[in-house]
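One structure is given here, and the rest of the page talks about it.
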Amino acid sequence: MELKKNPKKDLNKNSGVYFVAGLALVLAVTYIALEWKTFYTDPDYNISMNMQEELIEEVPLVTFATPPPPPPPPVAPEAIEIVDDEDPIEETIIESTEANEDKEIIDVDDVEVAEEPEDISIPFSVIEDVPVFPGCENEKDKRACFNKMIRKHIVKNFHYPELEQEMGIQGKVNILFEIQKDGSIGNVRMRGPNKNLEKDAARIINKLPKMTPGKQRGNPVRVPFSIPITYKLN
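Here you go:
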C-alpha cells in the first residue's frame, strides 16, 4: 500500500525542538520580570522622613529655695546701776561642805547589821541536819529513819485507782516535793503514765505529817526530796 502523506509536510517532526525553545523563552522572561528594579523619580520625596526623630531629653526645672531671714540683732544689755562705795552690800554666805574634823565619828564595830535568813533549798543528800520524820527524834541515823518512815507511809496510804486497774494501766510515778522551813509539805510535782495515777500519788504525799525542818548552819531551809511510787498489776 502506498503512503498518501508527504514526509516533508509532517507537522510533528520537530515538535520537541519547538517545545524546548518555547520553555527556554518563558523561563527567560520570568527571570527578567523577577529581577527588574525600579527607582523613584519624584524630586519632592524627602529621604529624611524615613529617619526617626531624635529624642529630646527634658531638663528638669531647678527651683532655688528662698533663704531664711537673718536673725534679729541681739538685745542691748540693761543699764548698769552704779552704786556708791558707802552703801553696804549684803554678801551671800556660802556654807562649807567640808567635814568637821572635831565631830566624833561612830565606830564601825558599833553598827549592828541585821542578817536576813537566805531563802535557799538544800538537797536531802547533802544537808547538814536532815528533816526529822515524826518518830525518828531519838534515832541515831535520822536520814535512814526518814527513808524508812516515808516508804512505810506510802505503803499504808497506797490505793490503786479502780479504773486504771480495769484498763490495765500501770507504771511509775516520780514525785518531787519540798519540806518547807516550817516542816510542812509543799511544791508537790509529779510525772507518770496517767493523770489519775499522778493525782493519787500526790494525795499520798500531801498526807505526810508535819516534820522538824532541815537545817543548814543552824538555819531552817527548804529541803527537796524525790521518790518514785510504782503502780503494778499482779
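In terms of this note's numbering, the sequence shown opens at residue 731 and continues consecutively. For glycine and all other residues, C-beta sits at the position ideal for the given N, C-alpha and C.
- Bounds of any beta strand (DSSP E) do not take in I899, whose DSSP letter is neither H nor E.
- By the neighbour-count definition (other C-beta atoms within 10 Å, threshold 16), Q895 is an exposed residue.
- By a beta-carbon distance limit of 8 Å, I905 contacts I959. Their separation comes to about 6 Å.
- Just measuring C-alpha positions, the residue of V953, Y761, L938 and K767 sitting nearest K886 is L938.
- Nearest to M897 by C-alpha distance, out of G916, Y961, P954 and G746, is Y961.
- Under the 8 Å Cβ criterion, the segment 862-876 does not count as touching the segment 927-934, having fewer than three qualifying pairs.
- One alpha carbon belongs to G752, the other to A763, and they sit about 17 Å apart.
- Across the set Q910, V903, P891 and L893, the C-alpha of Q910 shows the shortest separation from the C-alpha of F854.
- Per DSSP, Y961 is one residue of the beta strand (DSSP E) stretching across V953 to Y961.
- Annotated three-state conformation of E869 is coil, per DSSP.
- When the Cα atoms are used, V918 and F907 turn out to be separated by approximately 4 Å.
- For R933, the enclosing alpha helix (DSSP H) starts and ends at K925 to N936.
- Within the DSSP bridge table, the entry for N904 names R921 and P958 as partners.
- For I850, the number of other beta carbons within 10 angstroms of its own is below 16, and it is reported as exposed.
- Residue pairing for S851: DSSP places it in a beta bridge opposite R952.
- Secondary-structure assignment with DSSP links G916 through a beta bridge to E908.
- Taking a contact as a CB-CB distance under 8 Å, the pair N926 and L893 counts as one, their CB atoms being some 7 Å apart.
- Under DSSP, T942 shares a beta bridge with V862.
- For T760, the enclosing alpha helix (DSSP H) has its first and last residue at S745 to E765.
- Secondary structure of H889 (DSSP, three-state): coil.
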